[in-house]
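Structure, as structure tokens:
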Amino acid sequence: MTIYWFEDLATGIPDVDAQHQDLIAMINELDEAIATRQGISRLSQLTDGLILYARHHFATEERLMAESGYRYMAEHLKEHEQFGERVMAIAFESDAPENHPRAVSEFLHKWLIEHIGTVDKLMGECLAG
Numbered sequence: 001m002t003i004y005w006f007e008d009l010a011t012g013i014p015d016v017d018a019q020h021q022d023l024i025a026m027i028n029e030l031d032e033a034i035a036t037r038q039g040i041s042r043l044s045q046l047t048d049g050l051i052l053y054a055r056h057h058f059a060t061e062e063r064l065m066a067e068s069g070y071r072y073m074a075e076h077l078k079e080h081e082q083f084g085e086r087v088m089a090i091a092f093e094s095d096a097p098e099n100h101p102r103a104v105s106e107f108l109h110k111w112l113i114e115h116i117g118t119v120d121k122l123m124g125e126c127l128a129g
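For the sequence shown, position 39 matches number 39 in full-length UniProt numbering, and the numbering has no gaps at all.
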């Protein structure tokens with residue numbers, strides 16, 4: 001299932017919005033690799049790259065929140081921690097390594113859109129104004 005970027009997801013923070021678009025593109029690339037039955041090596045490479053990029057993205061958000069004294073930073077950081085915990089849990093819950101990329105993709109579809117649409121939007125509104 002392809003995820004599309006739309007302006008309602010924009011936080012108003014150019015770097016964050018660009019990274020969100022990159023994350024969406026990476027999820028879509030993973031989905032395409034799953035659909036075309038690319039090998040486990042390629043799927044693992046895409047999954048690992050996505051997780052590393054998410055960490056980079058979180059570091060960007062966390063730096064911006066710290067620099068601005070964002071009052072909901074603790075709650076936002078908790079969401080980032082829960083993301084990491086869930087991704088690790090998926091790795092251990094998967095009954096076979098070939099199922100891990102699909103499980104990560106399914107989780108990211110739900111989590112990313114919800115996180116951007118609520119927590120990141122609030123961050124953008126507060127930092128802008």
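All residues carry an ideal CB built from backbone N, CA and C; glycine is no exception. Keep in mind that this is a model prediction, so the values were computed, not measured.
CB of residue i within 9 Å of CB of residue j, strictly
i	j	result
L23	L50	yes
H80	F58	yes
L64	L112	no
Collapsed DSSP secondary structure at residue i in the structure displayed
i	result
R71	coil
V66	Per the sequence presented here, residue 66 reads as Ala, with Val not at that position. Helix.
G117	helix
F83	helix
Q45	helix
I3	coil
Residue from the options whose Cα sits closest to the Cα of residue i
i	options	result
K110	F83, F92, D15, L122	F83
T118	H76, A18, H100, E85	H76
M1	T11, A35, G12, Q19	A35
Q19	E61, S41, R37	E61
S105	M123, L122, R86	R86
Euclidean distance between Cα positions of residue i and residue j
i	j	result
E32	A25	10 Å
A103	D15	28 Å
E114	I90	19 Å
T47	P101	6 Å
W5	Q21	6 Å
S41	E29	14 Å
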